[in-house]
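Below is one structure, written out as structure tokens, with a few remarks after it.
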Amino acid sequence: MTEEKTISVEVVYALPHEQRLMRLLVKEGTTAREALIRSGIPEEYPEVDPDSAKLGIFGQVLGSKGLPPAESYALQPGDRVEVYRPLIADPKEARKQRAEKAKRLAEKKGAEDSSV
């Protein structure tokens with residue numbers, strides 16, 4: 001009889017005021033997406049779609065920078081699967097709006113200083 005080897009991994013999902021961390025024992029060869037499903041996080045947090053959620057391993061997004069996608073990334077012992085929430089605002093647009101606001105404030109301050 002051959003015994004299937006298991007490995008220990010974590011699956012984490014963070015909200016602004018709450019973090020959920022699940023430690024799992026999974027079969028060697030389990031993918032990141034399979035671990036998410038096994039973690040129960042999609043049932044606990046309905047906004048997490050297990051089929052399309054963006055996942056990463058220790059801050060590295062799966063499916064980018066040469067990493068395989070979550071459906072084919074075979075977990076290694078000790079891996080931490082991170083479930084990323086969608087962005088609320090486009091970072092470039094938010095930065096642009098902050099710069100415009102700072103410019104308006106500087107112009108207003110300059111106009112006030114010149115009138116004194």
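Numbering-wise, UniProt numbering puts 82 at position 82 of the sequence shown, and it's gapless, one number per residue.
Just so you know, even glycine gets a beta-carbon here, dropped at the ideal spot from N, CA and C.
I41 is classed as buried because its beta carbon has at least 16 other beta carbons within 10 Å across all chains shown. Annotated as distal: V12 and L75, with beta-carbon spacing of 8 Å or more. Sixteen is the threshold: when 16 or more other Cβ atoms of the shown chains lie within 10 Å of the Cβ of S39, as they do, the residue is buried.
With contacts defined by Cβ atoms closer than 8 Å, I7 and E34 do not form a contacting pair. Contact annotation, E10 with R80: C-beta distance approximately 4 Å; criterion of less than 8 Å satisfied. Rounded to whole angstroms, the Cβ separation of L62 and Y73 is 5 Å, and the two are in contact under 8 Å. E4 counts as exposed, since fewer than 16 other beta carbons sit within 10 angstroms of its beta carbon. Residue pairing by DSSP places I88 opposite no residue, since no beta bridge is assigned to it.
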